[in-house]
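Colleague: Numbering (the working numbering), first residue to last: 12 to 409.
Cβ coordinates follow ideal geometry from the N, Cα and C atoms, glycine included.
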């Protein structure tokens, strides 16, 4: 089975989110053939993660994806000013058996993660794993050796010890620079000869050729102009930094076919341009989902009656991966976000019922408005949904 995977990396330069900026960033990057999308954001404003922002990039991106595609948010996390969002087709929810996160901080000798990496591992039922690593490395043309050092300390985020990892994508603002006079580079961009700089003057290309970093990783041919540093609101260099290809997407694994690699000149909210890469990955044929938690089908329910759902938990699953922090959620039937429910309770607060000799756990919710819903069981140790009910309706009582 071939999966189409799209990767997007965007340094936001602390700029605020707005509907137009998100549309310009995402429009045309996801189609009906796409299975997974990994989005890495760097220099996200602190107010978006610690609170205070009215609208966040993560919320706006999720809303755009929900409104314009048939994908669901499978996982998300952040480290300081860096964020990662993983979207997938809705039918993949049952194929994701575990999502793991790793973090590496480099700023102030590891005290903060403004510079550093986030690793995300999606384990499928095969077993077969796909890894996404988002990085923001040290800036400045003079710090090439520091960036190489950061790669080696951040490599742990790629889950290098896991033999089940068949495809890995490492992307972000790597900050590797072009070692050339600024005016020379700008002139080459104007006359269309800028790509020749990649052969001799670009730090990351040289680093990979000399096997100083990203050993085993590959990059699709670059055919686009540098992505930094732009005059905000345009796709033109601002004349204050040597234009460079700081934003990159690398990959490693078997059965990966290169599809596309470009920058996005329509997204001009930042002093960086986003970079988008497309791949086709040969993955195992997805079997029918086998849930660890099985819900009873709910009949049509009335809003005036507290919602009661019953479910059974695989004892072996709970012994190995259960947690008192697991929760039961009421999700919209469309399940736009696997990490957030409209209502939820801790699974530990559910009560036991014996029906026809079978042991069930029951969950209870009140004040659920009219709509179509599913119940889901989110396992905190696995960071994913491990049980999902069929769709049921809640209506007004006649």
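Could you have a look at residue 152 and say whether DSSP puts it in helix, strand or coil?
Modeller: Stepping through the chain shown from its first residue, residue 152 is reached at position 141. It is helical.
Colleague: Check residue 205 in the structure and name its three-state DSSP category.
Modeller: The sequence position of residue 205 within the chain shown is 194, counting from 1. Residue 205: helix per DSSP, three-state reduction.
Colleague: Can you pull the DSSP bridge partners for residue 278?
Modeller: Locating residue 278 in the chain shown gives position 267, counting from the first residue. For residue 278, which the question treats as bridged, DSSP gives no partner whatsoever.
Colleague: So which of 238, 253, 232 and 255 has the shortest CA-CA distance to residue 268?
Modeller: Here residue 268 refers to the residue found at position 257 when the chain shown is read from its first residue. Of the listed residues, the one whose Cα sits closest to residue 268 is 232.
Colleague: For residue 245, which residues from the same chain have a beta carbon less than 8 Å from its beta carbon, with the 5 sequence-adjacent residues on both sides left out?
Modeller: Numbered from its first residue, the chain shown carries residue 245 at position 234. Result list for residue 245: 279, in chain order.
Colleague: Could you tell me the alpha carbon to alpha carbon distance between residue 126 and residue 92, rounded to whole angstroms?
Modeller: Along the chain shown, one-based indexing puts residue 126 at 115. Along the chain shown, one-based indexing puts residue 92 at 81. Spanning the two alpha carbons is a distance of roughly 8 Å.
Colleague: Kindly indicate which residue of 308, 29, 138 and 67 has the alpha-carbon position closest to the one of residue 296.
Modeller: The sequence position of residue 296 within the chain shown is 285, counting from 1. The option with the nearest alpha carbon to residue 296 is 138.
Colleague: Just to confirm, are residue 44 and residue 15 a CB contact at a threshold of 7 Å?
Modeller: Along the chain shown, one-based indexing puts residue 44 at 33. Along the chain shown, one-based indexing puts residue 15 at 4. Contact: yes.
Colleague: Taking contact to mean 3 or more Cβ pairs, one atom from each stretch, closer than 8 Å, check whether the region 349-356 and the region 320-336 are in contact.
Modeller: No contact exists between the region 349-356 and the region 320-336.
Colleague: Which residues does DSSP pair with residue 183 in a beta bridge?
Modeller: What you label residue 183 is simply residue 172 of the chain shown in a count that begins at 1. For residue 183, which the question treats as bridged, DSSP gives the partners 146 and 259.
Colleague: What span of residues does the alpha helix (DSSP H) with residue 302 cover, start to end?
Modeller: Stepping through the chain shown from its first residue, residue 302 is reached at position 291. Note, residue 302: premise wrong, no alpha helix (DSSP H); not H, not E.
Colleague: Alpha carbon to alpha carbon, how far is residue 96 from residue 394?
Modeller: The residue labelled residue 96 in the question sits at position 85 within the chain shown. The residue labelled residue 394 in the question sits at position 383 within the chain shown. Answer to the nearest angstrom: the Cα atoms are 13 Å apart.
Colleague: Using DSSP with H/G/I as helix, E/B as strand and the rest coil, what is residue 22?
Modeller: Here residue 22 is taken as the residue at index 11 of the chain shown, counted from 1. Reduced to three states, the DSSP call for residue 22 is strand.
Colleague: Let me know the secondary structure DSSP gives residue 129 once reduced to three states.
Modeller: Your numbering for residue 129 matches position 118 in the chain shown. Strand, per DSSP.
Colleague: Taking C-beta to C-beta, are residue 238 and residue 274 nearer than 7 Å?
Modeller: Position 227 of the chain shown, counting from 1, holds the residue named residue 238. Position 263 of the chain shown, counting from 1, holds the residue named residue 274. Their beta carbons are under 7 Å apart, which means residue 238 touches residue 274 by this criterion.
Colleague: What residues are listed by DSSP as bridge partners for residue 372?
Modeller: Translated into positions along the chain shown, residue 372 becomes position 361. The partner list for residue 372 (beta bridge, DSSP) reads 322 and 363.
Colleague: In this structure, how does DSSP classify residue 44 when only helix, strand and coil are distinguished?
Modeller: Stepping through the chain shown from its first residue, residue 44 is reached at position 33. In the structure shown, residue 44 sits in coil (DSSP, three-state: anything other than H, G, I, E or B).
Colleague: Kindly indicate which residue of 381, 254, 209 and 263 has the alpha-carbon position closest to the one of residue 341.
Modeller: Indexing the chain shown from 1 puts residue 341 at position 330. Comparing Cα-Cα distances from residue 341 to each of 381, 254, 209 and 263, the minimum goes to 381.
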